[in-house]
Ligand SMILES: NC(=O)c1ccc[n+]([C@@H]2O[C@H](COP(=O)([O-])OP(=O)(O)OC[C@H]3O[C@@H](n4cnc5c(N)ncnc54)[C@H](OP(=O)(O)O)[C@@H]3O)[C@@H](O)[C@H]2O)c1
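In our numbering, the protein residues as written are 26 to 244.
This is how it looks when you write it as structure tokens:
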């Protein structure tokens with residue numbers, strides 16, 4: 026399987042790329058700095074330089090052509106309202122257009138729980154981020170792509186547990202980036218799971234089993 030990732034140098038993105046490389050599958054994608062290309066090469070992953078904001082839909086389609094699956098795990102990461110609108114809000118829709126143009130049907134979007142940290146009365150930037158992530162989900166579900174939206178709860182860099190709580194609706198808690206990445210990789214290998222929104226948080230079910238339980242039941 027050949028996977029094209031935008032957000033490939035990020036916390037979740039580089040883990041997805043590394044896990045795919047460990048399974049001897051091909052991961053490639055966009056990064057914005059040469060040192061990130063070099064660091065990923067050290068993990069056996071080949072990345073290419075590119076900025077999804079500077080590139081046109083046609084250029085993005087050209088970059089990803091030949092891939093079987095697309096993964097969006099980029100984010101403005103608190104870079105301000107404008108960057109959040111462009112990357113988290115407009116980004117997935119733009120990349121869905123590019124994927125369609127490149128003939129890539131399967132599109133996995135890493136999103137967020139819409140109710141994340143509502144109880145904390147976060148600042149305007151965070152509220153904007155939550156709204157833009159939802160706007161991106163709306164754009165993706167309106168396409169006829171074979172999409173999957175994965176909403177992880179708050180991310181940590183603790184070591185992965187290999188276990189999660191995955192389903193259509195979950196309580197927002199915390200999950201490691203390792204476990205989110207492993208869930209993404211498992212979902213990429215479960216093509217029966219399509220056109221659905223899943224929520225994932227730390228839990229007790231082995232990831233392979235948790236993903237398998239989401240496959241449609243044949244009666
Ligand atoms: N943080 C949380 O608690 C949390 C919770 C739920 C969901 N999420 C979502 O989970 C996903 C992964 O989070 P993360 O913490 O792994 O993200 P991250 O470490 O902040 O990585 C995001 C990556 O996106 C890249 N990026 C930003 N703008 C780009 C552009 N214009 N072109 C190409 N790449 C660009 C960044 O590149 P640079 O390295 O060049 O900056 C970075 O490597 C994000 O979509 C985030 O919204 C986060």
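Just so it is clear, CB atoms sit at the ideal spot from N, CA and C, and this is done for glycine as well. Values in this document were obtained by computation on a predicted structure and should not be read as measured data.
Taking C-beta atoms as the reference points, residue 111 and residue 82 fail to come closer than 8 Å. Closer than 7 Å to some heavy atom of ligand 1: that does not describe the Cβ of residue 240.
Remark: C-beta atoms of residue 97 and residue 116 approach each other more closely than 8 Å. A residue is called buried when at least 16 other Cβ atoms come within 10 angstroms of its Cβ; residue 232 meets this threshold and is buried. Residue burial annotation: residue 133 is buried, with at least 16 other C-beta atoms found within 10 angstroms of its C-beta. Exposed is the label assigned to residue 146, since fewer than 16 other Cβ atoms lie within 10 Å of its Cβ.
Going by DSSP, residue 205 is part of the alpha helix (DSSP H) stretching over 202-213. Between residue 174 and the set 79, 164 and 183, the nearest pair of CA atoms involves 164. Unbroken alpha helix (DSSP H) runs of no fewer than 4 residues, entirely contained in the segment 31-76, are found at 36-47 and 59-66, following chain order. Looking from the CA of residue 198, the closest CA among 138, 33 and 210 belongs to 138. Judged by their CB atoms, residue 185 and residue 204 are nearer to each other than the 8 Å cut-off. In the DSSP assignment, residue 236 falls outside any beta strand (DSSP E) and within the unbroken alpha helix (DSSP H) covering 232-237.
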